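Student:
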Amino acid sequence: MQSQIIIFLPLLFITLQILLRISKSLISPLRSIPGPFWSRFSSLWYFNRLRHGQFEHENIQLHKQYGSIVRLAPNHYSISDASSIKTVYGTGSKFAKSAWYDGWKHPAQWTVFADRDIKRHAGTRKRFTSLYSMSSLVTYEPFVDHCADLFAYRLDEFAANGQTLNLGHWFQCYAFDVIGNITFGERFGFLDQGYDIDGAITALQKILIYSTLVGVYPEWHPRLFGILSRIKSSGAGGRAYISKFVQDKIRVHEKTARAGTTEPKTQNFLEKLMLARDKDPEKVTDYHLFIMGQSNVVAGSDTTAISLSSIIWHLVKYPDALRKLRGEIDEFTAAGRCGTTPTFKETQEMPYFQAVMKEALRLHAATGLPMWRTVPDGGAEIHGRFFPAGTVVGVNTWVAHYDERVFPDAERFRPERWLEAEGSPERLKEMNQMYMPFGLGSRTCLGKHISILEMSKVIPRLVQEFDFVPLRKTWKTENFWFVKPLDFEVRVQRRKSPAV
Ligand code: HEM
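Structure follows, in structure tokens:
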């Protein structure tokens with residue numbers, strides 16, 4: 037009898053679950069929205085597709101097959117439509133980040149990126165926006181210069197030895213060292229060592245995989261996190277590692293600051309934060325120091341490395357564009373409008389270079405999953421359809437960027453499309469509305485200007501000083517929120533003598 041109950045109870049539970057899901061899907065007011073069959077009943081379909089790490093392409097295909105709104109899981113809808121982007125992400129929108137973002141933080145803490153509390157998030161941003169502003173960039177430029185010099189030096193070594201290198205990996209070394217230097221006034225040392233020091237890059241990758249997947253079942257996160265954070269090789273362990281790393285940096289800074297041993301000429305991010313905290317400890321707390329430092333490391337290294345890879349990859353694939361860019365930099369140099377290592381300000385004035393960056397980030401945006409948001413109280417109309425409060429909707433940057441209605445011949449790298457559109461303000465507006473490599477609205481990337489600084493400082497000198505020959509015609513990528521190239525192997529040759 038007892039053994040019959042042991043079999044019967046789970047069966048009953050499973051049957052009830054199935055019936056519940058079927059009835060929910062039948063009575064849902066959004067039941068007519070198309071999508072893959074199994075996505076109607078369970079999130080397992082979405083989880084399984086995410087697991088393969090290629091979802092940006094699948095998401096584009098799904099919209100080609102089903103139209104502007106596609107169901108990806110019960111109550112989760114992927115959207116591709118310019119006017120809806122404004123509704124969901126526009127300034128003043130009340131669409132909070134969905135529970136998927138819970139997987140991106142410690143269950144008992146909040147962080148700026150994952151914060152679902154609109155009010156607290158707005159307060160945090162207001163407090164720290166100035167640290168990321170255009171005017172702050174001047175103080176960060178020397179930190180970037182130092183890393184760009186070292187990066188060029190390392191490439192020189194590869195060129196001299198005739199060795200091939202994984203450029204994607206080296207861009208990650210560069211981006212990590214820059215963000216370390218800007219944030220803590222200290223490089224991590226990746227550019228010196230060239231390998232994954234202390235497993236930080238691996239730890240970050242594990243966070244990406246864990247958070248991407250656990251976010252589909254956020255209710256599991258608190259339970260899994262406690263167990264997994266004790267296992268070093270897990271995603272939760274990766275987060276614990278990065279957190280400790282940031283805390284250690286803060287501790288060292290506190291000591292040196294107290295000892296009065298540093299008299300910085302150019303303040304790094306942490307020093308600026310400490311000054312703000314000492315001035316007003318209620319407004320800027322120790323916890324703020326920790327989360328802002330951690331956010332920079334987690335959000336700011338892979339993303340920049342991917343974007344740098346995309347720029348060089350597309351330039352070598354499209355030699356005409358590379359020629360034009362080199363021509364522009366030569367012209368600027370000849371006219372005395374820039375030196376051998378252009379400043380950030382000088383690069384801002386190069387129209388073709390700006391268009392190259394924009395187009396490379398359109399074709400290969402660093403993030404490749406829907407940026408999920410929850411429909412607020414009262415519901416909302418999206419693409420002519422009413423979505424009740426609590427529905428989860430999102431736009432995948434890749435879907436927006438490959439929309440042929442806005443970007444004809446979308447798969448082609450054509451920086452000119454941005455320059456041509458300047459003659460037609462309406463057209464440009466339409467393109468900009470669908471252009472979202474840095475997200476949009478109140479949750480737009482805080483580090484956008486810093487990352488543009490990082491790219492602007494290194495790309496012009498790389499294209500002028502080096503030739504890159506990829507070893508493969510296509511590259512493999514893996515999408516766990518960040519769409520990372522895995523095998524961007526190149527041979528590098530020097531074109532011009534190093535800048536003096
Ligand atoms: C090319 C490089 C970068 C790209 C493509 C990028 C992309 C993005 C995107 C798409 C979002 C919004 C995500 C969402 O709505 O779910 C975001 C948010 C964020 N990014 Fe970046 N990012 C880059 C570099 C950086 C850097 C260098 C930093 C730090 C120094 C940074 C810090 C942040 C932070 C803190 C947020 C959260 C903002 C908020 O929720 O208010 N990012 N980024």
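When the letters of the sequence shown are read in order and numbered with this note's numbering, they come out as residues 37 to 536.
Even glycine gets a Cβ: it sits at the ideal position worked out from N, Cα and C.
Just so you know, these numbers come straight off a predicted model, no measurement behind them.
(1) Helix, strand or coil for V428 per DSSP?
(2) For E177 versus F380, is the C-beta spacing smaller than 9 angstroms?
(3) For a test of your reading of the model: does the CB of R163 fall under 8 angstroms from any non-hydrogen atom of the ligand HEM? Yes or no.
(4) In this structure, does DSSP put A371 in helix, strand or coil?
(5) Would you tell me roughly how many angstroms separate the C-alpha atoms of D503 and E382, rounded to the nearest one?
(6) For H437 and Y471, which I take to be in contact (beta-carbon distance under 8 angstroms), what is that distance rounded to the nearest angstrom?
(7) Would you check whether the ligand HEM has a heavy atom nearer than 8 angstroms to the C-beta of V148?
(8) Run through the DSSP bridge pairs and tell me what I115 is partnered with.
(9) Where F516 and F83 are concerned, what is the direct C-alpha to C-alpha distance, given to the nearest angstrom?
(10) For R453, does the count of other Cβ atoms within 10 angstroms reach 16, so buried, or fall short, so exposed?
(11) If you run the structure through DSSP and keep just helix, strand and coil, what is I418?
(12) Indicate whether at least one CB of chain D lies closer than 9 angstroms to the CB of L98.
(13) Within its chain, find whatever has a CB closer than 7 angstroms to the CB of E216; leave out the 5 residues flanking it on each side and keep chain order.
(14) Just to confirm the assignment, what range does the alpha helix (DSSP H) spanning Q90 have?
(15) Less than 9 angstroms between the C-beta atoms of F518 and V333, yes or no?
(16) Kindly indicate which three-state DSSP category V536 falls into: helix, strand or coil?
(17) Is DSSP giving V528 helix, strand or coil here?
(18) Excluding the 5 residues flanking D338 on each side, which residues of the same chain have their C-beta closer than 6 angstroms to its C-beta?
(19) Can you tell me whether V282 is buried or exposed, with buried defined as 16 or more other CB within 10 angstroms of its CB?
(20) I'd like to confirm the pairing. Which residues does DSSP put opposite P406 in its beta bridges?
(21) Determine the closest residue to P424 out of N111, P506, F91, T165, with distance taken between C-alpha atoms.
(22) Nearest to D228 by alpha carbon, out of T513, A184, G404?
(23) With DSSP as the reference, please indicate the residues paired to F518 in a beta bridge.
(24) Within 10 angstroms of its Cβ, does F474 collect 16 or more other Cβ (buried), or is it exposed?
(25) Considering only residues of the same chain and omitting the five flanking positions on each side of K130, which have a CB-CB separation below 6 angstroms?
(26) Quick check: is any heavy atom of the ligand HEM less than 8 angstroms from the C-beta of P254?
(27) Does the distance from the C-beta atom of R163 to that of H289 stay below 9 angstroms?
(28) Leaving out the 5 sequence neighbours to the left and right, which residues in its chain are closer than 7 angstroms to G414 when beta-carbon positions are compared?
(29) Using alpha carbons as the reference points, say which of R190, I278, H257 lies closest to G198.
(30) Decide if the region 389 to 404 is in contact with the region 340 to 355; the criterion is three or more beta carbon pairs, one per stretch, under 8 angstroms apart.
(31) Alpha carbon to alpha carbon, how far is A135 from V250? Give it in angstroms, no decimals.
(32) So which of H88, I488, S166 has the shortest CA-CA distance to A312?
(33) Which residue or residues does DSSP assign as beta-bridge partners of K133?
Tutor: Put simply:
(1) Counting from one through the sequence shown, the residue named residue 428 turns up at place 392. Three-state DSSP puts V428 in a strand.
(2) Residue mapping note: residue 177 aligns to position 141 of the sequence shown, counting from 1. Residue mapping note: residue 380 aligns to position 344 of the sequence shown, counting from 1. Taking 9 angstroms as the Cβ cut-off, E177 and F380 qualify as a contacting pair.
(3) Numbered from 1 along the sequence shown, position 127 holds the residue referred to as residue 163. Not under cutoff, so the answer is no.
(4) The residue labelled residue 371 in the question sits at position 335 within the sequence shown. Residue state, collapsed to three classes: coil.
(5) Within the sequence shown, residue 503 is the residue found at index 467, counting from 1. Within the sequence shown, residue 382 is the residue found at index 346, counting from 1. Their Cα atoms are separated by approximately 23 angstroms.
(6) Your numbering for residue 437 matches position 401 in the sequence shown. Your numbering for residue 471 matches position 435 in the sequence shown. So it is a contact: roughly 7 angstroms between Cβ atoms.
(7) Residue 148 sits at position 112 when you count from the first residue of the sequence shown. Flag set: Cβ of V148 near the ligand HEM.
(8) Sequence index remark: in the sequence shown, residue 115 carries index 79 (1-based). Looking at the DSSP assignment, I115 forms a beta bridge with I105.
(9) For the purposes of this step, residue 516 is taken as residue 480 along the sequence shown, with counting starting at 1. For the purposes of this step, residue 83 is taken as residue 47 along the sequence shown, with counting starting at 1. Rounded to whole angstroms, F516 to F83 spans 11 angstroms at the Cα level.
(10) Position 417 of the sequence shown, counting from 1, holds the residue named residue 453. Its Cβ being crowded by 16 or more others within 10 Å, R453 is buried.
(11) For the purposes of this step, residue 418 is taken as residue 382 along the sequence shown, with counting starting at 1. Here I418 sits in strand by DSSP.
(12) This model lacks chain D altogether, as it is built from one protein chain only.
(13) Start at 1 with the first residue of the sequence shown, and residue 216 comes out as number 180. It should be pointed out that residue 216 corresponds to Gly in this sequence rather than to Glu. Counting only Cβ-Cβ distances below 7 angstroms, and skipping sequence neighbours, we find E222, R223, F224.
(14) To locate residue 90, count along the sequence shown from 1; it is residue 54. Element bounds for Q90: n/a, residue is neither H nor E.
(15) Here residue 518 is taken as the residue at index 482 of the sequence shown, counted from 1. Here residue 333 is taken as the residue at index 297 of the sequence shown, counted from 1. No, the pair does not count as a contact, with Cβ atoms beyond the cut-off.
(16) Taking the first residue of the sequence shown as position 1, residue 536 is located at position 500. Because the pLDDT at V536 is just 44, under 50, the model does not fix this residue reliably, and the point stays unresolved.
(17) Counting from 1 along the sequence shown, the entry for residue 528 is found at position 492. V528: strand per DSSP, three-state reduction.
(18) Position 302 of the sequence shown, counted from the start, is the residue given in the question as residue 338. Closer than 6 angstroms at Cβ, skipping near neighbours: F518.
(19) The residue labelled residue 282 in the question sits at position 246 within the sequence shown. By the 10 Å Cβ count, V282 comes out buried.
(20) As a first step, residue 406 is located in the sequence shown; it is residue number 370 there, counting from the start. Note: P406 sits in a beta bridge opposite N432.
(21) Locating residue 424 in the sequence shown gives position 388, where the first residue counts as 1. For P424, the closest alpha carbon among the candidates N111, P506, F91, T165 is that of N111.
(22) Taking the first residue of the sequence shown as position 1, residue 228 is located at position 192. Comparing Cα-Cα distances from D228 to each of T513, A184, G404, the minimum goes to A184.
(23) Mapped onto the sequence shown, residue 518 falls at position 482. Answer is T403, F516.
(24) Numbered from 1 along the sequence shown, position 438 holds the residue referred to as residue 474. Within a 10 Å sphere around the beta-carbon of F474 sit 16 or more other beta-carbons, which makes this residue buried.
(25) The sequence position of residue 130 within the sequence shown is 94, counting from 1. Same-chain partners within the cutoff: P412.
(26) In the sequence shown, residue 254 corresponds to position 218, counting from 1. Because no heavy atom of the ligand HEM lies under 8 angstroms away, the Cβ of P254 does not count as near it: no.
(27) For the purposes of this step, residue 163 is identified with residue 127 of the sequence shown, where counting begins at 1. For the purposes of this step, residue 289 is identified with residue 253 of the sequence shown, where counting begins at 1. No. Outside cutoff.
(28) Within the sequence shown, the letter at position 378 stands for residue 414. The answer, listed in chain order, is A425.
(29) Within the sequence shown, the letter at position 162 stands for residue 198. Per the Cα distances, R190.
(30) yes
(31) Within the sequence shown, numbered from 1, the residue matching residue 250 stands at position 214. Within the sequence shown, numbered from 1, the residue matching residue 135 stands at position 99. For V250 and A135, the distance between alpha carbons rounds to 10 angstroms.
(32) What you label residue 312 is simply residue 276 of the sequence shown in a count that begins at 1. Taking only the C-alpha atoms, the option nearest A312 is S166.
(33) As a first step, residue 133 is located in the sequence shown; it is residue number 97 there, counting from the start. R409, per the DSSP bridge assignment.
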